[in-house]
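Chemist: Going down the list, the sequences are from chains D and F. Just so we're aligned: 253 in full-length UniProt numbering is position 253 of the first sequence, and the numbers increase by one with no gaps anywhere. Just so we're aligned: 259 in full-length UniProt numbering is position 259 of the second sequence, and the numbers increase by one with no gaps anywhere. We put the CB at the ideal spot given by N, CA and C, even for glycine. Pasting a structure below so you can have a look.
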Amino acid sequence: MASDIPRANLKPLSLYVPEPKFRPGDAVDFTEVAIPAAGSVRRPDIADPADSFIDLAYELVRVLDHENQAVGSWNPRLSPDTLRALLRSMALVRAFDERMFRAQRQGKTSFYMKCTGEEAVAVSAAFALDYEDMCFPSYRQQGLLIARGWSMVDMMNQIYSNRGDRLQGKQLPIMYSVKEAGFFSISGNLATQYPQAVGWAMASAAKGDTRIAATWCGEGSTAEGDFHSACTFASVYRAPVIFNVVNNQWAISSFSGFAGAESTTFAARAVGYGIAGLRVDGNDALAVYAATAWAAERARTNQGPTLIEHFTYRAEGHSTSDDPGQYRSEGEPTAWPLGDPIKRLKDHLIAIGEWDEERHAAQDKQLAEDVKAAQKEAEKNGILGHGLHQPLDSLFDGVFEEMPWHLREQQAQMIAEETASGRPWARKS
Amino acid sequence: MNMIQAINSAMEVVMARDPNVIVMGEDVGYFGGVFRATAGLQEKFGKTRVFDTPITECGIIGVAVGMGAYGLRPVPEIQFADYIYPALDQLVSEAARLRYRSDGEFTAPITVRSPFGGGIFGGQTHSQSPEGIFTHVSGIKTVIPSTPYDAKGLLIAAIEDNDPTLFFEPKRIYNGPFDGHWDRPSQNWSKHPAGEVPTGYYKIELGKANIVRAGDALTILAYGTMVHVCMAVVTDAGVDAEIIDLRTLVPLDIETIEASVKKTGRCMIVHEATRTGGFGAELSALVQERCFYHLEAPIERVTGFDTPYPHSLEWAYFPGPVRIGEALKKVMRD
Numbered sequence: 001m002a003s004d005i006p007r008a009n010l011k012p013l014s015l016y017v018p019e020p021k022f023r024p025g026d027a028v029d030f031t032e033v034a035i036p037a038a039g040s041v042r043r044p045d046i047a048d049p050a051d052s053f054i055d056l057a058y059e060l061v062r063v064l065d066h067e068n069q070a071v072g073s074w075n076p077r078l079s080p081d082t083l084r085a086l087l088r089s090m091a092l093v094r095a096f097d098e099r100m101f102r103a104q105r106q107g108k109t110s111f112y113m114k115c116t117g118e119e120a121v122a123v124s125a126a127f128a129l130d131y132e133d134m135c136f137p138s139y140r141q142q143g144l145l146i147a148r149g150w151s152m153v154d155m156m157n158q159i160y161s162n163r164g165d166r167l168q169g170k171q172l173p174i175m176y177s178v179k180e181a182g183f184f185s186i187s188g189n190l191a192t193q194y195p196q197a198v199g200w201a202m203a204s205a206a207k208g209d210t211r212i213a214a215t216w217c218g219e220g221s222t223a224e225g226d227f228h229s230a231c232t233f234a235s236v237y238r239a240p241v242i243f244n245v246v247n248n249q250w251a252i253s254s255f256s257g258f259a260g261a262e263s264t265t266f267a268a269r270a271v272g273y274g275i276a277g278l279r280v281d282g283n284d285a286l287a288v289y290a291a292t293a294w295a296a297e298r299a300r301t302n303q304g305p306t307l308i309e310h311f312t313y314r315a316e317g318h319s320t321s322d323d324p325g326q327y328r329s330e331g332e333p334t335a336w337p338l339g340d341p342i343k344r345l346k347d348h349l350i351a352i353g354e355w356d357e358e359r360h361a362a363q364d365k366q367l368a369e370d371v372k373a374a375q376k377e378a379e380k381n382g383i384l385g386h387g388l389h390q391p392l393d394s395l396f397d398g399v400f401e402e403m404p405w406h407l408r409e410q411q412a413q414m415i416a417e418e419t420a421s422g423r424p425w426a427r428k429s
Numbered sequence: 001m002n003m004i005q006a007i008n009s010a011m012e013v014v015m016a017r018d019p020n021v022i023v024m025g026e027d028v029g030y031f032g033g034v035f036r037a038t039a040g041l042q043e044k045f046g047k048t049r050v051f052d053t054p055i056t057e058c059g060i061i062g063v064a065v066g067m068g069a070y071g072l073r074p075v076p077e078i079q080f081a082d083y084i085y086p087a088l089d090q091l092v093s094e095a096a097r098l099r100y101r102s103d104g105e106f107t108a109p110i111t112v113r114s115p116f117g118g119g120i121f122g123g124q125t126h127s128q129s130p131e132g133i134f135t136h137v138s139g140i141k142t143v144i145p146s147t148p149y150d151a152k153g154l155l156i157a158a159i160e161d162n163d164p165t166l167f168f169e170p171k172r173i174y175n176g177p178f179d180g181h182w183d184r185p186s187q188n189w190s191k192h193p194a195g196e197v198p199t200g201y202y203k204i205e206l207g208k209a210n211i212v213r214a215g216d217a218l219t220i221l222a223y224g225t226m227v228h229v230c231m232a233v234v235t236d237a238g239v240d241a242e243i244i245d246l247r248t249l250v251p252l253d254i255e256t257i258e259a260s261v262k263k264t265g266r267c268m269i270v271h272e273a274t275r276t277g278g279f280g281a282e283l284s285a286l287v288q289e290r291c292f293y294h295l296e297a298p299i300e301r302v303t304g305f306d307t308p309y310p311h312s313l314e315w316a317y318f319p320g321p322v323r324i325g326e327a328l329k330k331v332m333r334d
């Protein structure tokens, strides 16, 4: 090519395309991942200006150390009861995921997404936020609903798009919407929830409310324009919002380098906007709790937004439609140097004499049974593809508040079509 | 009142009645908008209800959706309709579908105001008519006024409506009706009956068209600026046409259209937007489906060309009296 360029005495340019360190078949070595000691990162006062702790966007807040003790100024000093509740919720999320993953493999629904290895990100946040705060999640924060005690049967009804699905089968599985539990309707389009969370938070502030908003996206989604629009708005109006970036290293098959991870951290995105930025060990339930509580207090006292990068690892495939064995080393999930969040919290509780392996095994057994019982209950309302669960005419409900003539006409046409076909599709009326 | 004053009055009236109505957008606050449509509102209602925003249309609409989900009624302004594209995903995938996808748990009762259309030497980026993109989307309403009186009544109805609504303001007629003769001096709204706008509250129901001229020879379907151009052409040609100002494209007043075409037996559709896949195509299909046996001539479409809006050749692009007049002759001759 170079000789075709008129100014051929210049050295040709070259395009850099990032490449993950390990591909299938490669041995994994994560020693280059910088992991500061637990307790080593300072905790600023919530009233400190964001530009006085820029270093925290490049550090890694960690509470649980190698001896399974909670150390340092970020230690939230939770009671053993709270720690056990946290552990239980995280274990329940994992049991739920396993059951629903299997349900998808059994053909009971079209699609499922696990959050294995990332349970602390959503569960600890739910514990640190008020129940009334509004969450604008991405698709891997089922832990918010579980931790808020929302009905698993209701979640499963949605996954199965069955008769009990409050969304009437109008959304993909796991795209829950639970206003009552402060859980905003999930969109499949990435990062759209970011400016929406800011708008909700601004509205709350404008009305003199006390509730704040929190939102989550993956590290890959930080490349979306919505992410940057949201950061600008939040910074400008000091919106009481918490931005969570779940850096789980993989966006389907694209590693985090394609979202810019080789150049800087995701928490450092905050710096350019003048937003408080924190980078935390996302597999450390106590660090996630402490960071969220700190950010929530900042928001609730009009100190403005915080962006938290949760440094974690997606231990499973992106979804049931994905085979990570095709693009990453199979050794990665087990070699991840920050361990498993559930095991780490369990080991901490054991180390402080508040838990033991027997109780843990018994709890896991009980949770698996609870999930199984919920599944049985949900399946009474049907599973996807087996039978016609929603009344036929509900297909047109909710496009507008009131149905205009063209939808009424199309609805009538559809009903006539079904009547002629002789299929026994139920009607509302 | 001119149309800008009427739009300003609509927002003022609704904001005074409902503390949940807020106005936001680039330059809408202290300055009162580049077209002055929001002038004085910040002074009256305060900075937390009327405020300037960063220049990010995706952010403006995304934030408005979140505010709507909270329980407010945001009225975001997109300074020119040409700039609505960065916000397209928030409008199409989010605002338009939020009610459906959450089965009514969350809604986006937002009204996006935006000046649109050409005839002001705005070039490619200040002249477009993107209504057809949005009428193709399920879950969003599209409103286009043609007079100050309608603008106020329709805007109040749009803001009070619980669905997301696009309110496109034909900026060529902000100050007065325009007959399409670009080399003639324009009239002012103060000399037009529709410029008489009550200062108080009134609504014009969405989904109701307005027969601006009754006639028996031909039905002309138009909206926005084109209503006035069509009026001038019909008057010059001495044709007894019935001119229907659609006012809202979604929901569409099909009854009025159908009754009129069945009466006149001829139909001409006029819009400024590009032709292919435009809203005129939808209107043409509807009329054909419903009125075929009453038609005495093929349906005629008069539109902008399928090119970007040219700057210096804008009057060649604009569907003015010549193009509409020729089409009128054709549809009357057949």
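Would you call the region 314-328 of chain D in contact with the region 246-260 of chain D, where contact means no fewer than 3 C-beta pairs closer than 8 Å?
Modeler: The region 314-328 of chain D is in contact with the region 246-260 of chain D.
Chemist: Using CA atoms only, rank isn't needed, just tell me which of Phe233(D), Ser221(D) and Ala197(D) is closest to Gly188(D).
Modeler: Sequence index remark: in the first sequence, residue 188(D) carries index 188 (1-based). Checked all of Phe233(D), Ser221(D) and Ala197(D); the closest Cα to Gly188(D) is Ser221(D).
Chemist: What did DSSP end up calling Glu282(F) once you bin it into helix, strand or coil?
Modeler: What you label residue 282(F) is simply residue 282 of the second sequence in a count that begins at 1. Glu282(F): helix per DSSP, three-state reduction.
Chemist: Report the rounded CA-to-CA distance for Gln124(F) versus Ser312(F), giving the unit in angstroms.
Modeler: As a position in the second sequence, residue 124(F) is number 124, starting the count at 1. As a position in the second sequence, residue 312(F) is number 312, starting the count at 1. Going by the C-alpha atoms only, they are around 10 Å apart.
Chemist: If you follow the alpha helix (DSSP H) that Cys58(F) is in, where does it begin and where does it stop?
Modeler: Start at 1 with the first residue of the second sequence, and residue 58(F) comes out as number 58. Segment Glu57 to Tyr70, the alpha helix (DSSP H) holding Cys58(F).
Chemist: Quick one: what's got a C-beta closer than 6 Å to Trp200(D)'s C-beta in the same chain, skipping five residues either side?
Modeler: As a position in the first sequence, residue 200(D) is number 200, starting the count at 1. Closer than 6 Å at the Cβ level, and outside the excluded window around Trp200(D), lie Met134 and Ala213.
Chemist: With burial defined as no fewer than 16 other Cβ atoms inside 10 Å of the residue's Cβ, what is the status of Val170(F): buried or exposed?
Modeler: The residue labelled residue 170(F) in the question sits at position 170 within the second sequence. Looking at the sequence itself, residue 170(F) is Pro, so the reference to Val does not match. Buried is the call here.
Chemist: List the residues of chain F whose Cβ lies closer than 8 Å to the Cβ of Asn162(D), in chain order.
Modeler: Residue numbering aside, residue 162(D) sits at position 162 when the first sequence is read from its first letter. Residues of chain F passing the Cβ test: none, with the nearest at roughly 14 Å.
Chemist: Within this structure, are the beta carbons of Gly180(F) and Pro321(F) separated by less than 8 Å?
Modeler: Position 180 of the second sequence, counted from the start, is the residue given in the question as residue 180(F). Position 321 of the second sequence, counted from the start, is the residue given in the question as residue 321(F). Yes, they are a contact pair.
Chemist: Less than 8 Å between the CB atoms is what I'm expecting for Val178(D) and Trp150(D), so what's the real figure, rounded?
Modeler: Translated into positions along the first sequence, residue 178(D) becomes position 178. Translated into positions along the first sequence, residue 150(D) becomes position 150. With 8 Å as the limit, Val178(D) and Trp150(D) qualify as a contact, their Cβ atoms being about 6 Å apart.
Chemist: Can the beta-carbon of Ile7(F) be found closer than 8 Å to that of Lys203(F)?
Modeler: What you label residue 7(F) is simply residue 7 of the second sequence in a count that begins at 1. What you label residue 203(F) is simply residue 203 of the second sequence in a count that begins at 1. Contact flag unset, no.
Chemist: Interface residues of chain F around Phe255(D) at Cβ under 7 Å?
Modeler: On the first sequence, position 255 is the one that residue 255(D) refers to. Simply none; closest approach about 25 Å.
Chemist: When you compare the CB of Thr48(F) with every CB in chain D, is at least one pair closer than 8 Å?
Modeler: As a first step, residue 48(F) must be located in the second sequence, where it is residue number 48. True, the Cβ-Cβ gap to chain D drops below 8 Å.
Chemist: Relative to the alpha-carbon of Gln168(D), which residue among Asp103(F), Asn2(F) and Ala69(F) has its alpha-carbon at the smallest distance?
Modeler: Position 168 of the first sequence, counting from 1, holds the residue named residue 168(D). Among Asp103(F), Asn2(F) and Ala69(F), the Cα nearest to that of Gln168(D) belongs to Asp103(F).
Chemist: Taking just the CA atoms, how far does Glu409(D) sit from Glu300(F)?
Modeler: Sequence index remark: in the second sequence, residue 300(F) carries index 300 (1-based). Sequence index remark: in the first sequence, residue 409(D) carries index 409 (1-based). About 26 Å.
Chemist: Can you have a look at Asn210(F) and say buried or exposed, based on whether 16 or more other CB atoms are within 10 angstroms of its CB?
Modeler: Residue numbering aside, residue 210(F) sits at position 210 when the second sequence is read from its first letter. Buried, because 16 or more other Cβ atoms sit within 10 Å of the Cβ of Asn210(F).
Chemist: Can you look up Glu255(F) in the DSSP assignment and give me helix, strand or coil?
Modeler: Translated into the one-based positions of the second sequence, residue 255(F) becomes position 255. Note: Glu255(F) maps to helix in three-state DSSP.
Chemist: Is there a Cβ of chain F sitting closer than 8 Å to that of Ser151(D), yes or no?
Modeler: As a working mapping, residue 151(D) is identified with position 151 in the first sequence. No, Ser151(D) lies away from the interface with chain F (no Cβ there is under 8 Å from its Cβ).
Chemist: Please return the same chain residues whose Cβ sits closer than 6 Å to the Cβ of Asp163(F), not counting the five positions on each side in sequence.
Modeler: Your numbering for residue 163(F) matches position 163 in the second sequence. Cβ within range, chain order: Lys141.
Chemist: How about the region 112-126 of chain D and the region 91-102 of chain D: do they share at least three Cβ pairs that are nearer than 8 Å?
Modeler: With the cut-off at 8 Å, the region 112-126 of chain D and the region 91-102 of chain D touch.
Chemist: Kindly indicate which three-state DSSP category Glu332(D) falls into: helix, strand or coil?
Modeler: Taking the first sequence and counting its residues from 1, the one referred to as residue 332(D) is at position 332. The answer is helix: DSSP assigns Glu332(D) an H, G or I state.
Chemist: Using a C-beta cutoff of 8 Å, does Trp216(D) count as contacting chain F?
Modeler: Position 216 of the first sequence holds residue 216(D). Taking Cβ atoms only, chain F never reaches closer than 8 Å to Trp216(D), which makes this a no.
Chemist: Please tell me whether Leu98(F) has its Cβ less than 8 Å away from any Cβ of chain D.
Modeler: What you label residue 98(F) is simply residue 98 of the second sequence in a count that begins at 1. Yes, because at least one Cβ of chain D sits closer than 8 Å to the Cβ of Leu98(F).
Chemist: According to the neighbour-count rule (16 or more other Cβ atoms, all chains shown, within 10 Å of its Cβ), is Ile275(D) buried or exposed?
Modeler: The count along the first sequence starts at 1 and reaches residue 275(D) at position 275. Buried is the call here.
Chemist: At a CB-CB cut-off below 8 Å, which residues of chain F make contact with Pro173(D)?
Modeler: On the first sequence, residue 173(D) is found 173 positions in, with the first residue counted as 1. By Cβ distance, chain F contributes nothing, its closest Cβ being about 13 Å from Pro173(D), past 8 Å.
Chemist: What residue range does the alpha helix (DSSP H) around Ile242(D) cover?
Modeler: Counted from its first residue, the first sequence places residue 242(D) at position 242. Careful: Ile242(D) lies outside any alpha helix (DSSP H), inside the beta strand (DSSP E) at Val241 to Asn247.
Chemist: Mind checking the region 111-134 of chain D against chain F and listing, in chain order, the residues whose C-beta falls within less than 9 Å of any C-beta there?
Modeler: Cβ contacts with chain F come from Met134.
Chemist: In three-state terms, what does DSSP make of Met175(D)?
Modeler: Reading the first sequence from its first residue, position 175 is the one you call residue 175(D). Reduced to three states, the DSSP call for Met175(D) is coil.
Chemist: Taking the alpha-carbon positions, what's the Glu196(F) to Asp89(F) distance?
Modeler: Translated into the one-based positions of the second sequence, residue 196(F) becomes position 196. Translated into the one-based positions of the second sequence, residue 89(F) becomes position 89. Taking the straight line joining both Cα atoms gives about 38 Å.
Chemist: On the premise that Thr38(F) lies in contact with Glu77(F), defined as a C-beta separation below 8 Å, what is that separation, rounded to the nearest angstrom?
Modeler: Indexing the second sequence from 1 puts residue 77(F) at position 77. Indexing the second sequence from 1 puts residue 38(F) at position 38. Going by Cβ atoms, the distance from Glu77(F) to Thr38(F) rounds to 7 Å, so yes, they are a contact pair.
Chemist: Report buried or exposed for Arg7(D), applying the criterion of at least 16 other Cβ atoms within 10 angstroms of its Cβ.
Modeler: To locate residue 7(D), count along the first sequence from 1; it is residue 7. Exposed, by the Cβ-count rule.
Chemist: Express the C-alpha separation of Glu289(F) and Ile415(D) in angstroms, rounding to a whole number.
Modeler: Taking the first sequence and counting its residues from 1, the one referred to as residue 415(D) is at position 415. Taking the second sequence and counting its residues from 1, the one referred to as residue 289(F) is at position 289. Rounded to whole angstroms, Ile415(D) to Glu289(F) spans 20 Å at the Cα level.
Chemist: Could you spell out where the beta strand (DSSP E) holding Arg408(D) opens and where it closes?
Modeler: What you label residue 408(D) is simply residue 408 of the first sequence in a count that begins at 1. Not the beta strand (DSSP E): Arg408(D) falls in the alpha helix (DSSP H), residues Trp405 to Ser421.
Chemist: Using only alpha-carbon positions, find the residue among Leu145(D), Ser253(D), Trp336(D) and His318(D) that is nearest to Thr31(D).
Modeler: Numbered from 1 along the first sequence, position 31 holds the residue referred to as residue 31(D). Nearest of Leu145(D), Ser253(D), Trp336(D) and His318(D) to Thr31(D), Cα basis: Trp336(D).
Chemist: Do the CB positions of Tyr139(D) and Met90(D) come within less than 8 Å of each other?
Modeler: Locating residue 139(D) in the first sequence gives position 139, counting from the first residue. Locating residue 90(D) in the first sequence gives position 90, counting from the first residue. No; because the gap between Cβ atoms is not below 8 Å, this pair is not in contact.
Chemist: Please name the residue, chosen from Ser284(F), Tyr293(F) and Glu160(F), that lies closest to Gly22(F) on a Cα-to-Cα basis.
Modeler: Within the second sequence, numbered from 1, the residue matching residue 22(F) stands at position 22. The question names Gly, yet the displayed sequence has Ile at residue 22(F). Comparing Cα-Cα distances from Ile22(F) to each of Ser284(F), Tyr293(F) and Glu160(F), the minimum goes to Glu160(F).
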